[in-house]
Amino acid sequence: MFTDIDMPGSMDGLKLAAAVRDRWPPVKIIVASGHRQLSDRLLPVEGKFFSKPYDHGRVIATMREMLAAA
0 MFTDIDMPGS MDGLKLAAAV RDRWPPVKII VASGHRQLSD RLLPVEGKFF
50 SKPYDHGRVI ATMREMLAAA
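Counting from 0, one number per residue, gives the positions in the sequence shown under numbering that gives the first Met the number 0.
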């Protein structure tokens, strides 16, 4: 799953990531934000963070690594 931290509504991307991790632990999670940095301790276990603007090649490489480890 790839999500931004800032989303409309009552659930931000971190809450979504936590809910997905709780309900579907095998799902790989990447969180992005253009407005802030994020401490690893705020990410779900094995989650990855990218700050915007991010290098698309690096994001794709990370996705491939995460999927290969599944």
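Each residue gets a CB set at the ideal place from its N, CA and C atoms; glycine is no exception. Everything numeric in this text was worked out from a predicted model, so none of it was measured.
If you draw a straight line from the alpha carbon of residue i to that of residue j, how long is it in whole angstroms?
i: Lys27; j: Pro7; result: 22 angstroms
i: Ala69; j: Phe48; result: 18 angstroms
i: Thr2; j: Tyr53; result: 13 angstroms
i: Pro24; j: Ser9; result: 22 angstroms
i: Met65; j: Met0; result: 11 angstroms
Give the single residue among the options whose Cα lies nearest to the Cα of residue i.
i: Ser32; options: Ile59, Ala69, Ser50; result: Ser50
i: Asp11; options: Pro25, Leu41, Pro24; result: Leu41
i: Val58; options: Val19, Ile29, Val44, Asp5; result: Ile29
May I ask you to report which of helix, strand or coil DSSP gives residue i?
i: Lys47; result: strand
i: Ile29; result: strand
Using a Cβ-Cβ cut-off of 6 angstroms (strictly less than) and excluding sequence neighbours within five positions of residue i, which residues of its own chain qualify?
i: Arg20; result: Pro43
i: Gln61; result: The displayed chain sequence assigns Thr, not Gln, to residue 61. Here the set comprises Lys47.
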